[in-house]
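Quick note, the sequences are listed as chains A and B, same order. Counting in my numbering, the first sequence runs from 89 upward without gaps. Counting in my numbering, the second sequence runs from 84 upward without gaps. All remarks here apply to the structure that follows.
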Amino acid sequence: MDYINAFWIGGLICAAVQILLDRTKLMPGRVMVLLVCTGAILGAIQIYQPFQEFAGAGASVPLLGFGNLLWKGVKEAVDKEGFIGIFLGGFKASAVGISAALVFSYLASLIFDPKMKK
Amino acid sequence: MVKGIQSIAFEQSPYLISSASVVGKKEGEGPLGKMFDMVEEEDLFGENTWEEAESAMQKEACLLAIGKAHLAPEDIRYLFGGDLLRQGVATSLGVEELGIPMFGLFGACSTSGEALALASMSVAAGYGEYMLAVTSSHFGSAEKEFRFPLGYANQRPLSAQWTVTGSGAFLVGKKRSHVRITGVTVGKIVDYGLKDSQNMGACMAPAACDTIIRNLKDFDRVPEDYNRIITGDLGYVGQSILFDLMRGKEYDIKKNHMDCGMTIFDQQLQDTHAGGSGCGCAATTLSAYILPKLERGEWQRVLFVPTGALMSTVSYNEGASVPGIAHGIVLEHC
């Protein structure tokens with residue numbers, strides 16, 4: 089059941105983004121920023137955590153979940169270390185995700201060459 | 084010689100002696116596929132980068148055009164060439180081995196018109212016997228230049244045009260052939276304040292309208308005096324805007340208008356959205372499709388008016404509008 093929830097919720101988020109790409113003039117970069125900010129806000133108003141517990145990877149993998157991750161990291165750091173936590177927390181929480189993206193994309197660029205679109 | 088406000092009518096019209104078209108796989112699969120001189124299945128053309136591939140295409144197109152006239156690069160007086168990449172690097176690195184004194188140009192997708200205008204003006208003025216005009220574009224290098232590198236795998240909107248991978252080279256001179264360049268109308272920049280770089284056709288249509296009407300007025304002609312009025316890459320959207328703009332000025336070109344971007348790809352089968360674009364679009368279509376019809380006498384006189392969008396990635400990101408330009412070349416069967 090976990091897998092099914094992750095699938096349809098993650099799929100819904102992707103579908104919503106695709107509608108934005110197809111129907112609006114928003115550039116891809118702007119859409120990604122929208123996702124991250126929305127995730128952070130949903131995290132702040134305590135909606136995202138229960139959502140993620142229900143949907144698992146379907147909520148944590150899309151960029152919406154990344155926004156929530158950023159929010160959580162900043163909150164924990166501020167609770168622990170005060171004002172400086174604003175600067176500390178975000179990168180600490182997202183370090184794994186960002187490093188993984190960097191390492192894997194670098195490896196991919198070593199193995200594969202860009203190809204023409206069909 | 085000087086005609087009207089922006090045009091030149093050559094007293095001794097130079098000849099368009101030969102031309103060559105080199106294209107990539109997708110263009111070879113299109114409606115004009117069999118008409119191109121060379122279709123390269125590998126879009127890297129044996130090179131390491133898209134930019135080097137574009138340079139290789141230019142060199143090949145030049146050599147083919149020169150060879151068809153049984154000449155050598157040493158016989159060419161001046162070369163006029165340009166492309167879409169910043170600092171015109173595809174042209175510079177493409178033609179350097181030919182050793183021909185050259186003028187690097189930028190006219191965006193109107194570069195073929197600009198190069199042909201300058202080449203024919205130089206011949207008519209007596210500055211040389213043979214001049215070469217060349218231009219190119221490449222889908223991979225253009226995407227990297229203006230949008231995102233192909234490796235980024237972004238999605239492209241339906242209003243986007245498909246940059247043609249192709250190079251066209253044209254030999255202009257005094258030697259007799261069956262096509263003459265009898266006049267040129269040099270375009271001026273026309274800017275309606277549009278900022279949407281995903282809708283190039285709309286940005287360029289005003290310039291096309293301006294140059295076409297200027298050509299008709301300078302030469303005291305009506306649209307029917309041309310078998311075809313051919314724009315470069317207005318695409319489906321830009322064409323309808325052009326028709327509206329022309330109708331507003333009381334000119335109707337619906338019956339004899341043609342657009343290279345709409346001709347070079349099959350919109351249904353090839354998923355090319357709003358049509359082909361890029362310097363190579365007009366150049367290769369001119370060489371492979373339009374010139375043969377003029378050579379045979381199927382068409383007697385056409386107005387070739389490629390359009391360009393004169394933006395840079397910097398100007399676009401800084402919120403500037405996208406101005407357009409269009410150069411008109413009058414080609415006649417003889």
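Idealized CB from N, CA, C, for every residue including glycine. Please read all numbers here as calculations on a predicted model, not as lab measurements.
Check whether residue i and residue j have beta carbons under 8 Å apart
i                : j                : result
Gly270 (chain B) : Ala409 (chain B) : yes
Gly391 (chain B) : Cys192 (chain B) : yes
Asp301 (chain B) : Ile88 (chain B)  : yes
Gly363 (chain B) : Leu386 (chain B) : no
Met287 (chain B) : Gly196 (chain B) : no
Met329 (chain B) : Ile336 (chain B) : yes
Glu110 (chain B) : Leu168 (chain B) : no
Thr265 (chain B) : Ser90 (chain B)  : no
Ala144 (chain B) : Ala252 (chain B) : yes
Gln244 (chain B) : Leu109 (chain A) : no
Phe348 (chain B) : Gly116 (chain B) : no
Ser197 (chain A) : Leu157 (chain A) : no
Ser219 (chain B) : Glu137 (chain B) : yes
Ile159 (chain B) : Tyr213 (chain B) : yes
Gln361 (chain B) : Val247 (chain B) : Looking at the sequence shown, residue 361 (chain B) is not Gln but Gly. The answer is yes: Cβ separation under 8 Å.
Asp316 (chain B) : Gly359 (chain B) : yes
Tyr372 (chain B) : Met118 (chain B) : yes
Val413 (chain B) : Thr314 (chain B) : no
Rounded straight-line distance, which links the Cα of residue j to that of residue i
i                : j                : result
Leu176 (chain B) : Pro116 (chain A) : 33 Å
Met341 (chain B) : Gly182 (chain B) : 36 Å
Leu369 (chain B) : Tyr399 (chain B) : 30 Å
Met120 (chain A) : Ile312 (chain B) : 44 Å
Asp126 (chain B) : Gly98 (chain A)  : 36 Å
Gly164 (chain B) : Ile324 (chain B) : 29 Å
Glu134 (chain B) : Gly161 (chain A) : 43 Å
Pro138 (chain A) : Asp90 (chain A)  : 14 Å
Lys108 (chain B) : Arg263 (chain B) : 31 Å
Gly98 (chain B)  : Leu199 (chain B) : With the sequence shown as reference, residue 98 (chain B) is identified as Tyr, and Gly is not the correct amino acid for it. Distance between the alpha carbons of Tyr98 (chain B) and Leu199 (chain B) is about 11 Å.
His416 (chain B) : Asn298 (chain B) : 19 Å
Asp327 (chain B) : Glu307 (chain B) : 18 Å
Lys113 (chain A) : Ala103 (chain A) : 16 Å
Tyr161 (chain B) : Ser205 (chain B) : 9 Å
Gln383 (chain B) : Arg111 (chain A) : 45 Å
Thr132 (chain B) : Leu374 (chain B) : 31 Å
Ser280 (chain B) : Glu157 (chain B) : 41 Å
Gln95 (chain B)  : Tyr194 (chain A) : 60 Å
Val250 (chain B) : Leu123 (chain A) : Val is not the amino acid found at residue 250 (chain B); the sequence shown has Ser there. Those two C-alpha atoms are separated by around 42 Å.
Leu154 (chain B) : Ala173 (chain B) : 24 Å
Leu130 (chain A) : Glu141 (chain A) : 14 Å
Cys343 (chain B) : Thr126 (chain A) : 44 Å
Ala132 (chain A) : Gly155 (chain A) : 10 Å
Ala147 (chain A) : Tyr136 (chain A) : 8 Å
Phe93 (chain B)  : Arg118 (chain A) : 52 Å
Ile199 (chain A) : Phe192 (chain A) : 11 Å
Trp96 (chain A)  : Lys168 (chain A) : 36 Å
For residue i, the first and last residue of its enclosing beta strand (DSSP E)
i                : result
Glu453 (chain B) : An answer regarding residue 453 (chain B) cannot be provided, because it is not within the stretch 84 to 417 covered by chain B.
Ala216 (chain B) : Tyr213 to Ser220
Thr390 (chain B) : Thr390 to Ala392
Asp342 (chain B) : His340 to Asp342
Arg304 (chain B) : Note, Arg304 (chain B): premise wrong, no beta strand (DSSP E); not H, not E.
Ser197 (chain A) : Where Ser197 (chain A) is concerned, there is no enclosing beta strand (DSSP E), although the alpha helix (DSSP H) it sits in stretches over Gly173 to Ile199.
Phe253 (chain B) : Gly249 to Gly256
Val262 (chain B) : Val262 to Thr268
Ser90 (chain B)  : Ser90 to Ala92
Leu188 (chain B) : Met185 to Leu188
Arg230 (chain B) : Arg230 (chain B) -> no beta strand (DSSP E), and no H or E assigned at all.
Same chain, Cβ closer than 6 Å to residue i, five either side skipped, listed in chain order
i                : result
Ile100 (chain B) : Ala152, Leu254, Gly256, Lys258 and Ser260
Lys142 (chain B) : Gly177
Ala145 (chain A) : Ala94
Gln350 (chain B) : none
Asp293 (chain B) : Val273
Leu176 (chain A) : Ala165
Leu151 (chain A) : Met120, Leu123 and Val124
Gly284 (chain B) : Leu317, Gly318, Val320 and Gly321
N- and C-terminal bounds of the alpha helix (DSSP H) containing residue i
i                : result
Glu141 (chain A) : Tyr136 to Ala143
Ile133 (chain A) : It is not in any alpha helix (DSSP H) - Ile133 (chain A) carries neither H nor E in the DSSP assignment.
Glu124 (chain B) : That residue, Glu124 (chain B), is in no alpha helix (DSSP H); it is neither H nor E in DSSP.
Met204 (chain B) : Thr194 to Ala207
Arg111 (chain A) : Asp90 to Arg111
Gly331 (chain B) : Gly318 to Gly331
Lys203 (chain A) : Element bounds for Lys203 (chain A): n/a, residue is neither H nor E.
Val166 (chain A) : Leu151 to Glu169
Residues of its chain near residue i, where Cβ-Cβ distance is below 7 Å and the 5 sequence neighbours each way are ignored
i                : result
Ile296 (chain B) : Lys332 and Tyr334
Gly171 (chain B) : Gly165, Gly187 and Phe189
Gly276 (chain B) : Ser404
Close beta carbons around residue i, own chain, < 8 Å, minus the five adjacent residues each side
i                : result
Ala403 (chain B) : Lys278 and Met394
Next item on the list: Please go through the region 143-179 of chain B and give each complete beta strand (DSSP E) segment of 3 or more residues, from N-terminal end onward.
Entry: Those beta strand (DSSP E) runs which fall completely within the region 143-179 of chain B and span 3+ residues are 161-165.
Check: In chain order, which beta strand (DSSP E) runs of at least 3 residues are fully inside the region 354-416 of chain B?
Finding: Counting whole runs of 3 or more residues, the region 354-416 of chain B contains the beta strand (DSSP E) stretches 384-388, 390-392, 407-409 and 411-416.
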